[in-house]
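So the structure is just underneath, and the comments pick up after that.
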Amino acid sequence: MKTKLTILSAIMLSSSLLIAPSFSYAKLPVAVDGQQLPTLAPMLEKVTPGVVSIQVSGAKEVRRQVDPFEFFFGNPQRQQRSQKQPFSGLGSGVIIDASQGYVVTNNHVIQDAEKITITLEDGREYEAKLVGTDKESDIALLQVKAQDLVEVKLANSDLLRVGDFSVAIGNPFGLSHTVTSGIVSALGRSGLNIEGFEDFIQTDAAINQGNSGGALVNLNGELIGINTAILGASGGNVGIGFAIPSNMMKNLVDQIIEHGEVRRGSLGIEGRTLDAGIAKAQDIDLKQGAYVLRVVEDSAASEAGIKAGDVIVSIDKADIHSFPELRSKIATIGEGKKVKLGIYRDGQVKTVKVTLRGNNQASAAADKMHPMLQGAILESNSDVQGVRVKEVAERSPAARVGLEEGDVIMQVNRKRVKTINELARAVDDINGNIVLGVKRGDDSIFVLIQ
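Position in the sequence shown (first residue = 1) + 9 = my numbering.
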């Protein structure tokens with residue numbers, strides 16, 4: 010076989026000497042009728058160096074299911090037995106500050122990682138340090154020590170409109186610096202149960218596994234969002250992708266840099282999205298907004314004069330479409346920040362200034378934590394060292410497992426919890442049975458969730 014190959018090569022070489030090949034290449038026009046053809050190439054040449062590929066590796070703890078009898082009466086050492094399973098993964102990131110080496114990505118990209126390596130467009134590799142994360146909004150901030158980094162400038166995502174062009178850049182399936190394009194399909198998407206705080210930009214630019222943490226930019230090459238999730242039965246692109254708005258990301262990152270953590274803002278209201286039924290019943294001439302059902306006493310909202318029956322229609326001049334959107338924006342803006350809210354009352358819209366309090370008081374439905382907690386409304390505040398069950402719907406899953414109004418959840422599988430966020434994280438970390446330590450009046454009881 011080797012001889013035949015050698016001979017063939019020789020024949021091809023000999024033929025090339027006898028008959029000179031003649032090729033002609035068609036020249037691509039750069040202009041038609043004197044007008045430059047549209048292209049994204051110049052913009053991408055400036056932006057793609059600011060998008061990085063991320064490789065992670067580590068070992069994730071896998072817990073075995075806990076037998077309830079073993080939990081109460083078994084060997085304590087055996088109860089804590091767990092197993093670590095090695096893993097590796099790929100994702101994307103965006104350089105937002107070249108001088109400091111700050112790279113933003115999704116929390117789920119680097120979660121449980123023991124080693125994080127970023128690769129630049131020019132092939133340079135660096136080990137990254139984790140500065141901080143926010144699991145509930147799925148943002149993580151990394152830092153690398155490197156020279157000649159290129160940052161991506163931030164756009165004001167509050168100015169986005171449905172129909173604006175969008176370009177996604179990332180590392181899908183390990184194919185670094187892949188570029189896809191589309192439009193902004195929708196704004197303020199929430200209720201997807203992907204994260205605790207959702208205010209997504211929806212786009213039809215192709216986003217696939219590995220794009221997480223990558224850039225969504227406008228035609229000026231400015232960052233409008235961090236690509237985070239896709240909707241599709243097969244786990245692949247079907248033209249419905251979601252990105253965290255750049256303004257939301259910046260608020261969270263600024264808090265991580267300043268405090269080492271996210272300090273959520275709190276308005277102190279309960280409400281729901283304005284719909285046609287409420288608008289008709291309350292004679293409200295609006296089609297969208299956040300309807301205020303109750304104002305918590307001694308809260309930021311009560312101090313600003315907000316009342317039940319008001320409709321919050323904007324925050325810092327950006328329209329509010331739903332109550333979850335308002336909740337996400339307030340929480341991510343942060344404690345102590347001042348905002349201007351547009352309030353609809355008695356047929357008129359007026360502006361009120363509000364200084365956000367810390368999230369030491371919160372109320373939330375427990376549906377997203379666990380299916381068997383559905384029907385419970387929980388609240389936490391600085392006066393109670395636990396999570397109070399505010400109400401339980403009759404014949405709901407929460408009622409069936411034994412929760413009652415007035416219960417205070419103190420522990421999750423013997424782990425102390427004081428806030429709704431701590432409770433949610435503790436429940437999310439458990440694969441298997443959950444045992445809640447509950448204080449009911451003067452008694453301490455256990456509630457088993459299977």
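Even glycine gets a Cβ: it sits at the ideal position worked out from N, Cα and C.
Since the model is a prediction, treat every value here as computed from it, not as a measurement.
For I315, the secondary structure class from DSSP, reduced to helix, strand or coil, is coil.
By DSSP's assignment, P95 forms a beta bridge with A68.
Apart from the 5 residues on each side of it in sequence, L53 sits with its Cβ closer than 8 angstroms to the Cβ of V176, I178, V188 and G230 in its chain, given in chain order. Given a length threshold of 3 residues, each whole run of the beta strand (DSSP E) inside the segment 158-188 is given here in chain order: 174-179. Between the alpha carbons of V118 and P333 lies a distance of about 25 angstroms. DSSP links N236 through a beta bridge to A252.
Bounds of any alpha helix (DSSP H) do not take in R272, whose DSSP letter is neither H nor E.
Per DSSP, G286 is one residue of the alpha helix (DSSP H) stretching across A285 to A290. If you keep only unbroken alpha helix (DSSP H) runs of at least 4 residues inside the segment 382-456, you get 406-410 and 429-437.
By the Cβ neighbour-count rule, K338 is buried, with 16 or more other Cβ atoms within 10 Å of its own. Taken through DSSP and simplified to helix, strand or coil, K55 comes out as helix.
Excluding residues up to 5 positions away in sequence, G274 and L365 lie with their Cβ nearer than 7 angstroms to the Cβ of K346 in the same chain. Here L261 is near S146, since their CB atoms are less than 7 angstroms apart. Here K359 has I352 as same chain residues with Cβ atoms under 7 angstroms from its own Cβ, once five neighbours each way along the sequence are excluded. The continuous stretches of alpha helix (DSSP H) do not include T142, which lies in the beta strand (DSSP E) extending over residues K138 to D143. Using a Cβ distance threshold of 7 angstroms, E413 and K399 do not count as a contacting pair.
Rounded to whole angstroms, the gap between the alpha carbons of V361 and L150 is 33 angstroms. In this structure, the alpha-carbon of P47 lies about 40 angstroms from that of V348.
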